[in-house]
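Participant: One structure, pasted below without further comment.
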Amino acid sequence: MRRLSWLIVGVAAGFVAAHFVNQTPEGRRFFERVNRGAREFSDALANGYREGEAELDETLDEVERRLSRLEAKQHAAD
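Counting from 10, one number per residue, gives the positions in the sequence shown under the working numbering.
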(Lines of atoms letter the chains of each structure in order from A; the text may use other names.)
(Lines give C-alpha, C1' and ligand atoms only; values in the text may rest on other atoms or scores of the structure.)
Protein backbone atom coordinates (compact mmCIF):
# COMPACT_ATOMS: atom_id res chain seq x y z
CA MET A 10 0.00 0.00 0.00
CA ARG A 11 2.87 2.31 0.82
CA ARG A 12 4.46 1.84 -2.62
CA LEU A 13 1.15 2.55 -4.31
CA SER A 14 0.85 5.79 -2.35
CA TRP A 15 4.33 6.87 -3.46
CA LEU A 16 3.51 5.95 -7.04
CA ILE A 17 0.38 8.12 -6.95
CA VAL A 18 2.31 11.01 -5.37
CA GLY A 19 5.00 10.68 -8.06
CA VAL A 20 2.49 10.66 -10.90
CA ALA A 21 0.71 13.70 -9.47
CA ALA A 22 4.01 15.56 -9.05
CA GLY A 23 4.92 14.68 -12.64
CA PHE A 24 1.66 16.11 -13.93
CA VAL A 25 2.14 19.31 -11.93
CA ALA A 26 5.72 19.68 -13.20
CA ALA A 27 4.63 19.01 -16.80
CA HIS A 28 1.92 21.64 -16.46
CA PHE A 29 4.44 24.28 -15.36
CA VAL A 30 6.97 23.29 -18.04
CA ASN A 31 4.25 23.45 -20.71
CA GLN A 32 3.55 27.09 -19.83
CA THR A 33 6.89 28.24 -21.29
CA PRO A 34 7.66 28.42 -25.02
CA GLU A 35 10.62 26.07 -24.58
CA GLY A 36 8.43 23.66 -22.65
CA ARG A 37 5.80 23.66 -25.38
CA ARG A 38 8.48 22.97 -28.00
CA PHE A 39 9.79 20.14 -25.83
CA PHE A 40 6.37 18.52 -25.54
CA GLU A 41 5.75 19.02 -29.27
CA ARG A 42 8.97 17.08 -29.98
CA VAL A 43 7.97 14.37 -27.52
CA ASN A 44 4.51 14.11 -29.10
CA ARG A 45 5.99 14.02 -32.60
CA GLY A 46 8.39 11.25 -31.59
CA ALA A 47 5.61 9.25 -29.95
CA ARG A 48 3.44 9.67 -33.05
CA GLU A 49 6.28 8.57 -35.35
CA PHE A 50 6.95 5.55 -33.15
CA SER A 51 3.26 4.65 -33.11
CA ASP A 52 3.00 5.01 -36.89
CA ALA A 53 6.10 2.86 -37.43
CA LEU A 54 4.72 0.21 -35.10
CA ALA A 55 1.35 0.19 -36.90
CA ASN A 56 3.05 0.02 -40.31
CA GLY A 57 5.20 -2.89 -39.17
CA TYR A 58 2.13 -4.69 -37.89
CA ARG A 59 0.29 -4.16 -41.18
CA GLU A 60 3.29 -5.33 -43.21
CA GLY A 61 3.63 -8.43 -41.05
CA GLU A 62 -0.07 -9.15 -41.38
CA ALA A 63 0.14 -8.78 -45.18
CA GLU A 64 3.11 -11.16 -45.31
CA LEU A 65 1.24 -13.68 -43.18
CA ASP A 66 -1.85 -13.44 -45.40
CA GLU A 67 0.31 -13.94 -48.47
CA THR A 68 2.01 -16.97 -46.93
CA LEU A 69 -1.30 -18.51 -45.90
CA ASP A 70 -2.69 -17.97 -49.41
CA GLU A 71 0.36 -19.73 -50.86
CA VAL A 72 -0.09 -22.67 -48.46
CA GLU A 73 -3.76 -22.96 -49.44
CA ARG A 74 -2.85 -22.93 -53.15
CA ARG A 75 -0.25 -25.65 -52.67
CA LEU A 76 -2.64 -27.78 -50.63
CA SER A 77 -5.30 -27.42 -53.32
CA ARG A 78 -2.84 -28.51 -56.01
CA LEU A 79 -1.71 -31.45 -53.88
CA GLU A 80 -5.30 -32.55 -53.30
CA ALA A 81 -6.02 -32.25 -57.03
CA LYS A 82 -3.00 -34.43 -57.82
CA GLN A 83 -4.08 -37.03 -55.27
CA HIS A 84 -7.61 -37.16 -56.69
CA ALA A 85 -6.25 -37.44 -60.24
CA ALA A 86 -4.01 -40.35 -59.18
CA ASP A 87 -6.98 -42.22 -57.64
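Even for Gly, the Cβ is constructed at its ideal location relative to N, Cα and C.
(1) Given G36, which residues of its chain have a CB within under 7 Å of its CB, disregarding the five upstream and five downstream residues?
(2) Could you pull out every residue in the same chain whose Cβ sits closer than 6 Å to the Cβ of A21, ignoring the five residues on either side in sequence?
(3) Where do the N-terminal and C-terminal ends of the alpha helix (DSSP H) with T33 fall, by residue?
Facilitator: According to the data block:
(1) The count along the sequence shown starts at 1 and reaches residue 36 at position 27. Excluding sequence neighbours, G36 sits near V30.
(2) Translated into the one-based positions of the sequence shown, residue 21 becomes position 12. None.
(3) In the sequence shown, residue 33 corresponds to position 24, counting from 1. First-last for T33: undefined, no H or E at that position.
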